[in-house]
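Residue numbers (this note's numbering), protein chains in the order written: chain W, 1 to 284; chain L, 1 to 284; chain R, 1 to 565; chain Y, 1 to 565. Think of the CB as a built atom: it goes at the ideal place given N, C-alpha and C, for glycine as much as any other residue. Everything numeric in this text was worked out from a predicted model, so none of it was measured.
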Amino acid sequence: MVTIENYECSYENKWCPGCGNFSILASMKDSFVRLDIPPEKLLIISGIGQAAKTPHFLKCNLFHSLHGRALAIATGAKMANHDLTIVVNSGDGDCYGEGGNHFMNAIRRNVDLTLLVHNNKVYGLTAGQASPTSDMGMVTKVQRHGVVMEPFNSLAVALSLGIGFVARGFSGNEAQLSKLIQAGMKFKGFVLIDILQPCVSFNQINTFGWYKKRVYDLQEEGYTPDDFQKAISLSFQWGDRIPTGIIYRKESPSFTEKIGMVKDGPLVDRKYDHGKLQELLSSL
Amino acid sequence: MVTIENYECSYENKWCPGCGNFSILASMKDSFVRLDIPPEKLLIISGIGQAAKTPHFLKCNLFHSLHGRALAIATGAKMANHDLTIVVNSGDGDCYGEGGNHFMNAIRRNVDLTLLVHNNKVYGLTAGQASPTSDMGMVTKVQRHGVVMEPFNSLAVALSLGIGFVARGFSGNEAQLSKLIQAGMKFKGFVLIDILQPCVSFNQINTFGWYKKRVYDLQEEGYTPDDFQKAISLSFQWGDRIPTGIIYRKESPSFTEKIGMVKDGPLVDRKYDHGKLQELLSSL
Amino acid sequence: MAVDITVKIGGEAGQGIQTVGDLLTLVCHKAGLYVMAINDFESRIRGGKSFFQIRISDKPVYAPHHRVNLLVALNQRTYDSYKDELVPGGISMMDVKGEPEENQLPVPINDLAVKAGKKITANTVAAGACLGLLGAPFELFESILKDRFEGKGGDALEMNLSAARLGYDSVKDAKFPWSFTWQFGDPKGSVLNGSKAIALGALAGDCRVAAFYPMSPATGIMVNLSSLSDDFPLFVEQAEDEIAAINMVIGASFAGVRAMTSTSGGGFCLMTEGLGLAGMTETPIVVVNAQRPGPATGLPTRTAQGDLMFVINASQDEFLRFVFAPGTPSEAFEMTERAFHLADKYQVPAIVLTDQTLNDSLYITERPLSAPREIERYVVGDDQIDSPSEYRRYAITSSGISPRALPCSGKALVLVSGNEHSEDGHISEAITDRMNMVDKRNAKTPAMLEEMRPPERYHAESELLLVGWGSSKGPIRESVDRLREDGISAGCVHIADIWPFRADLVQKALSSCKSFFVVEQNSTAQLGRLIREQTGLVAEGSVLKYDGRPFFPDEIVRGIKAYLD
Amino acid sequence: MAVDITVKIGGEAGQGIQTVGDLLTLVCHKAGLYVMAINDFESRIRGGKSFFQIRISDKPVYAPHHRVNLLVALNQRTYDSYKDELVPGGISMMDVKGEPEENQLPVPINDLAVKAGKKITANTVAAGACLGLLGAPFELFESILKDRFEGKGGDALEMNLSAARLGYDSVKDAKFPWSFTWQFGDPKGSVLNGSKAIALGALAGDCRVAAFYPMSPATGIMVNLSSLSDDFPLFVEQAEDEIAAINMVIGASFAGVRAMTSTSGGGFCLMTEGLGLAGMTETPIVVVNAQRPGPATGLPTRTAQGDLMFVINASQDEFLRFVFAPGTPSEAFEMTERAFHLADKYQVPAIVLTDQTLNDSLYITERPLSAPREIERYVVGDDQIDSPSEYRRYAITSSGISPRALPCSGKALVLVSGNEHSEDGHISEAITDRMNMVDKRNAKTPAMLEEMRPPERYHAESELLLVGWGSSKGPIRESVDRLREDGISAGCVHIADIWPFRADLVQKALSSCKSFFVVEQNSTAQLGRLIREQTGLVAEGSVLKYDGRPFFPDEIVRGIKAYLD
Ligand SMILES: Cc1ncc(C[n+]2csc(CCOP(=O)(O)OP(=O)(O)O)c2C)c(N)n1
Ligand SMILES: Cc1ncc(C[n+]2csc(CCOP(=O)(O)OP(=O)(O)O)c2C)c(N)n1
Ligand code: SF4
Ligand code: SF4
Ligand SMILES: [Mg+2]
Ligand SMILES: [Mg+2]
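As structure tokens, then:
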């Protein structure tokens with residue numbers, strides 16, 4: 001039985017007091033405990049940013065990599081060992097900015113992992129520039145006249161690319177978030193959970209209070225996430241009402257299934273066959 | 001009066017005989033002539049690939065750049081001189097593979113240019129690997145058991161990102177394609193024309209004949225491209241019937257308008273003001 | 001008596017340490033003093049350990065000092081961590097609970113702030129106390145606060161003035177051994193950090209487009225540029241990634257304006273392909289690489305000089321580029337301006353190689369900066385082309401520089417290709433075109449070499465020379481002074497115009513010494529490798545530091561002495 | 001009489017020139033001969049000019065020859081372009097309309113093909129005619145065709161046999177001065193190009209994951225690997241870009257398998273950040289950089305040696321890496337295998353630096369290749385860790401190599417960070433951790449240097465030495481033979497194990513000569529720079545070629561003689 005203590009870690013947390021990341025961390029731990037995954041069976045891969053520091057703040061195997069590249073690394077790890085249970089922590093800049101191309105292609109591959117995007121709609125670690133998800137008009141030290149690009153609609157893009165599981169969480173609702181993460185981790189294939197995460201230091205627009213007034217829980221309203229058209233429509237809903245919960249779910253073969261990797265066991269476990277190779281070499 | 005002769009160029013064409021690119025080239029020239037744009041007022045920017053060679057085969061200002069990067073270069077050129085008339089020729093690998101991130105962000109910026117994607121659903125210039133748009137199951141020398149990723153749905157992704165003009169052309173229909181290019185070039189903002197382009201050397205699936213049986217012209221069927229939901233649905237239509245024509249159109253301020261560049265004239269024309277700068281420096 | 005005092009203000013990120021430092025700096029500036037202040041912070045937004053260490057002097061100063069006269073400890077941890085850096089008699093000014101240690105000067109900073117009106121004025125209280133100890137006239141501080149807060153509305157000015165006064169008065173009975181009389185005349189140069197100097201240098205180089213992706217320690221340049229973009233013909237764009245940034249810059253330059261990007265580490269890696277495109281297409285661009293410790297993410301907010309060989313050799317195959325490694329903000333300003341000019345003139349990329357120390361440290365320069373009267377542009381219009389309809393972008397010339405027209409600016413068609421090309425810009429695989437183009441691009445070498453200025457020499461006739469580049473200039477120079485005080489015949493040579501490499505001039509600068517040592521912030525002595533590669537001269541040894549912190553003159557002195565023992 | 005014949009088959013892309021070349025090569029192989037054949041083609045799929053130039057010899061051969069004995073011209077343009085390369089008495093076999101020139105041997109290739117059944121058998125006709133002229137027994141060709149077409153179904157075999165016979169017979173009355181008797185015993189080594197050799201070397205290095213993005217001239221490696229992936233535990237993935245490719249490889253290696261990528265030019269640029277990540281996280285990876293002329297897109301299908309200094313210095317700050325530059329397919333096989341082994345052993349990236357010449361040229365090796373009996377893996381499981389729950393991925397050791405556990409393979413938690421870190425893998429900004437980690441990573445240097453093999457020497461006692469690296473090995477060696485024939489005391493030194501640089505061994509190899517020259521396919525003599533940087537030795541001069549075409553021994557001889565005159 002895995003308990004929450006298994007996930008406690010003495011490494012000093014480096015987030016700002018009051019940051020929305022703390023609830024995400026708590027929901028993650030809660031999910032892992034409920035799913036009974038021991039730390040040594042969990043691999044968390046992250047990019048660079050405040051979000052990407054997450055795995056340091058609990059106990060697990062971790063690869064804290066490069067800005068934008070977590071999904072590519074995770075894809076490679078899966079090729080080597082498709083039995084790995086992988087969670088990816090990423091920021092909105094990390095995943096939708098620098099990592100935009102990998103985001104699209106990990107979805108297209110349907111790599112079996114759970115991607116948690118800590119969407120604070122700002123570049124936190126580099127001290128407050130606009131991110132791809134920043135609201136239009138947001139003013140920063142470099143976007144001095146306000147952001148002029150439409151916020152990146154990750155849910156819609158993910159759906160356009162045929163994603164099998166897409167959800168939105170809110171770090172102000174730990175219980176729901178934990179449920180989403182659990183559902184995501186049980187799902188076979190690529191899972192995107194975009195998490196609305198207030199940044200108390202740099203985002204004075206999308207605050208806890210701002211979200212609290214707007215978010216609602218799709219599942220509480222009885223929505224079943226099996227209609228693609230409805231999911232697309234929901235992905236565009238933003239403003240007075242912001243949907244959270246599972247937006248779309250449809251299972252299909254995952255990447256390592258599609259490439260037929262699964263049948264012979266993980267590559268990492270296979271054996272080098274000198275005889276066979278020498279035979280080939282000698283035949284040339 | 002610009003005539004087709006203005007666009008003739010003695011540089012040897014390097015495409016395979018029978019390639020779908022020839023009609024695209026013809027439609028481009030036809031459009032420029034009909035729009036009365038002289039070569040010296042036209043700037044074509046391209047990446048690397050068969051498609052990206054296009055500007056060499058007519059007369060114009062051109063920047064044949066790097067694989068995947070044409071849109072970033074075009075965005076920069078627009079910043080310097082928003083009066084430039086820019087067409088971008090790109091391939092499906094160039095634009096949706098290597099250049100995926102720039103594709104998304106040029107749309108989000110709404111850079112005022114016309115992007116022609118020669119979508120042959122294969123990597124032509126590198127001799128026949130699968131591209132992001134290759135059909136599932138397509139076998140190549142490296143995809144030996146067939147492509148396992150869903151084809152990249154550029155139309156749906158573009159719509160998800162708020163594109164203002166998105167169309168599909170077919171290089172087997174020059175007249176329609178010319179009309180699309182003309183409409184695109186008259187449109188203010190980012191224009192994507194994804195062009196179904198048979199590659200006679202490497203794509204034995206999506207041939208001229210294959211397309212001829214399937215494509216239909218939306219505008220001929222009376223479709224008006226002003227309904228976003230319909231556009232999204234159409235973007236997913238593929239198989240027995242493949243829609244071509246303008247899928248969605250909605251004008252909104254372009255990038256250089258949004259950043260307020262337009263009011264003072266192109267940056268390239270402004271003057272260096274020694275006095276003002278020295279005043280600033282002396283005040284520090 | 002000469003003034004040379006180091007004040008270290010330490011606390012958590014988010015406590016506003018920098019504000020205290022800024023205020024002290026501005027007061028010093030107004031008083032006609034000089035400062036050099038390093039900024040030490042972790043890669044986090046709140047908490048942790050950070051400090052601002054300001055050295056105040058009546059003479060120009062370009063290096064931090066390793067011993068502290070006054071420690072302003074905004075928390076206990078700061079005191080514990082740095083009390084050993086205090087010089088004998090040095091004191092730590094802080095909120096003390098309980099009995100103070102001998103070297104502690106208790107000041108109820110937070111209580112006074114609350115008394116002044118708001119807790120956030122604690123910084124002003126601390127600055128007031130510092131200035132009080134240093135013997136600064138209160139009026140000086142008052143006028144700085146007025147500049148800063150007047151017109152801000154509300155009671156900000158009033159509150160800060162009262163905080164300042166409370167802090168100032170709180171130490172009036174304290175004795176600070178280094179208190180001095182503040183009479184040094186008018187402000188000298190400008191208050192600048194490297195980031196701001198580069199931004200201003202870019203303006204002086206007529207930069208019109210800047211595209212970037214945030215990356216410490218380079219972001220500050222763009223923050224500074226952005227703040228200038230309303231008043232000058234300049235547009236700053238945050239790109240989706242570094243690849244987009246450099247390609248936007250290439251596009252902008254191609255279309256006719258001078259353009260730049262700035263980045264660091266991995267961001268520079270991602271730009272190397274674009275760098276090659278600029279090389280191949282002969283498109284002038286300026287790239288600032290602000291070094292930080294690596295590899296990979298490394299230490300994002302710290303300093304290093306680990307990229308020298310990388311930037312010189314970056315991108316596949318060969319093409320010319322300029323590399324400048326300024327040592328001070330004034331040099332950063334001037335070299336950035338020159339980078340734009342020379343990139344334009346030679347149609348090549350120019351790299352300005354700085355680091356976190358230079359970018360984030362605050363200096364008072366010796367002289368105000370000055371802008372060029374005019375910008376000489378190296379582009380041609382139809383009127384300067386014999387036959388515009390036959391214009392060839394890559395026409396062979398003996399200088400290797402082909403007249404550069406701008407697209408859509410006349411009848412001349414401009415064809416540019418990243419593939420190897422013929423003179424007209426069309427793709428060509430012909431042997432002769434390839435040879436001609438490589439030779440043409442390389443033909444710029446002699447003239448580019450001519451542009452490179454000699455290394456700066458200081459006591460260059462000495463037996464022992466210290467050789468450095470970039471931001472360690474100040475520390476090296478000061479270490480030379482110290483070594484000389486100790487009777488060692490030492491001098492130094494600073495190579496700022498680094499590539500193309502003036503082997504002749506470096507050879508000359510180093511030929512008369514008995515031995516030379518390279519002093520660098522990396523672990524393999526890259527400049528030493530480069531000097532040997534280019535001149536055959538071998539350094540006797542090296543003083544290397546790679547812990548992410550700036551050089552202190554004292555470390556260099558010790559490093560050199562270790563060789564002499 | 002020694003056999004040394006060069007056949008050049010030229011035509012348009014898409015005409016199947018390579019098939020002719022492949023057939024000739026296979027026949028030669030079967031006959032116990034050796035070949036070296038270069039592949040020259042434009043960056044296009046149809047049309048243009050391309051050729052396959054095969055040199056046939058009864059002794060091992062590693063360089064192309066610049067004079068042609070037999071020109072197979074599949075179109076008039078080929079004849080016009082290359083007829084001057086014919087040696088006196090050489091002939092051009094081709095479809096001739098009208099009166100043939102003296103050096104033309106008319107063969108109605110296309111008509112014969114149609115007669116054989118289909119126009120596409122023209123290649124077989126041409127091969128048949130070639131072999132006829134060369135005096136090869138028809139049975140040899142027949143058996144090759146059987147190997148190739150038997151079981152292909154339809155009438156392919158029959159048609160090709162008939163085409164072969166028609167071609168063969170069509171020249172039976174022609175006189176070809178270099179016709180020889182085909183009796184050389186059993187096949188010698190294997191028929192290989194560099195791409196295939198590397199793919200096989202990867203298998204021999206137990207590569208399990210390969211990720212790549214298509215890029216000439218590196219794609220062939222992946223095509224070869226892919227064709228092997230059904231029979232071996234190996235997965236090949238085409239990534240969305242090069243950045244993804246290298247990061248996938250890092251992920252796969254981290255998860256426990258040996259993994260590689262291959263690329264060229266701009267692709268390598270895009271991988272430099274990942275290279276640094278591998279360096280920082282001490283994750284073994286193998287990267288093949290197959291050089292082509294640049295900068296930027298350059299000449300995509302041609303050859304160069306322009307990336308030496310770039311790959312050695314690529315990525316910000318400093319970290320160790322291996323760089324190997326094989327000179328022949330056998331070396332490419334062996335060094336790729338060794339790259340996997342050493343990367344794994346030292347937990348560093350290893351780069352195999354090849355080029356288009358090596359990758360795309362066809363060779364018959366001297367010996368068959370042999371696979372290692374076993375793969376030594378350098379990873380630990382819980383059972384090899386004292387206390388798995390306290391496992392620290394970056395434990396300080398005197399060798400610098402920390403025991404490497406795999407994630408999720410036991411109780412040991414594996415923490416890996418691209419930020420600077422403490423021993424346990426957590427981010428650390430502490431000075432001591434930074435110093436310890438840089439020192440730990442650098443501590444691998446001596447042992448890595450020990451792994452580097454001495455440069456290969458040939459007539460090394462000579463007065464004049466030619467020094468090269470990579471694929472120019474064969475041409476240099478042969479140019480030495482020619483120089484010696486002309487009475488010049490010449491030898492050569494080939495540096496294949498290039499980084500870390502064995503200054504001692506290179507010094508030794510070069511110390512006894514009167515002068516040495518570097519021979520390289522770039523325009524700035526990069527190896528010369530490197531040798532000077534590392535040893536202080538200065539090359540007397542250089543023979544440089546940068547037109548994108550492979551070196552011919554003759555050019556080197558001329559280059560050297562120009563110095564001697
Ligand atoms: C290649 C590269 N570019 C830029 C950076 C600098 N950088 C570090 S974190 C970050 C953005 C962080 O924003 P986000 O991903 O939204 O994460 P957050 O900090 O907001 O959680 C950037 C730009 C980097 N480390 N590497
Ligand atoms: C950075 C980089 N990676 C890879 C390549 C090699 N490359 C050239 S063209 C091409 C793909 C071409 O496919 P596509 O864009 O679909 O164009 P097409 O040739 O099919 O028109 C690739 C991978 C390159 N030039 N640069
Ligand atoms: S900067 Fe924002 S996202 Fe980062 S830790 Fe602080 S509050 Fe959280
Ligand atoms: S390879 Fe295909 S896309 Fe390229 S020119 Fe040939 S037919 Fe056209
Ligand atoms: Mg963020
Ligand atoms: Mg294509």
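Counting along the chain, residue 485 (chain R) sits inside the alpha helix (DSSP H) bounded by residues 473 to 485. Using a Cβ-Cβ cut-off of 7 Å, residue 75 (chain W) is close to 248, 251 of chain Y, given in chain order. For residue 201 (chain W), the shortest C-beta to heavy atom distance toward ligand 3 is below 7 Å. The residue among R:445, R:436, R:472, R:541 with its C-alpha nearest the C-alpha of residue 464 (chain R) is R:541. The alpha helix (DSSP H) runs of length 4 or more contained entirely in the region 427 to 468 of chain Y are, from start to end of the chain, 431 to 442, 445 to 451. Here DSSP, grouped into helix, strand and coil, assigns residue 123 (chain L) to strand. For residue 144 (chain L), the number of other beta carbons within 10 angstroms of its own is below 16, and it is reported as exposed.
Looking at the backbone, the Cα of residue 490 (chain R) and that of residue 236 (chain R) are separated by about 45 Å.
Closest in alpha carbon position to residue 185 (chain W), among W:111, W:76, W:270, is W:111. At least one CB atom of chain R sits nearer than 8 Å to the CB of residue 41 (chain L). Residue environment analysis places residue 520 (chain R) among the buried positions, since at least 16 neighbouring C-beta atoms fall within 10 angstroms of its C-beta.
A distance below 6 Å between beta-carbons, with the five flanking residues on each side excluded, links residue 102 (chain Y) to no residue of its chain. Contact check for residue 7 (chain R) and residue 75 (chain R): beta-carbon distance about 17 Å, past the 8 Å limit, so the pair fails to qualify.
Under the three-state reduction of DSSP, residue 102 (chain L) is assigned to helix. Taking residue 498 (chain R) as the centre and dropping the five residues before and after it, the same chain places the C-beta of 323, 324, 325, 469 closer than 7 Å to its C-beta, in chain order. Membership of residue 542 (chain Y) in the beta strand (DSSP E) is indicated by the continuous run 541 to 544.
Only 42, 43, 44, 45, 46, 47, 48 from the region 39 to 69 of chain R bring a Cβ to less than 8 Å from some Cβ of chain W.
With its beta carbon less than 8 Å from one in chain Y, residue 141 (chain L) belongs to the interface. Between residue 59 (chain L) and residue 9 (chain L), the gap from beta carbon to beta carbon is short of 8 Å.
Residue 268 (chain L) belongs to the set of residues whose beta carbon lies under 8 Å from a beta carbon in chain R. By the beta-carbon neighbour count (other beta carbons within 10 angstroms, threshold 16), residue 134 (chain Y) is buried. Looking at the DSSP output, residue 492 (chain R) sits in a beta bridge with R:458, R:466.
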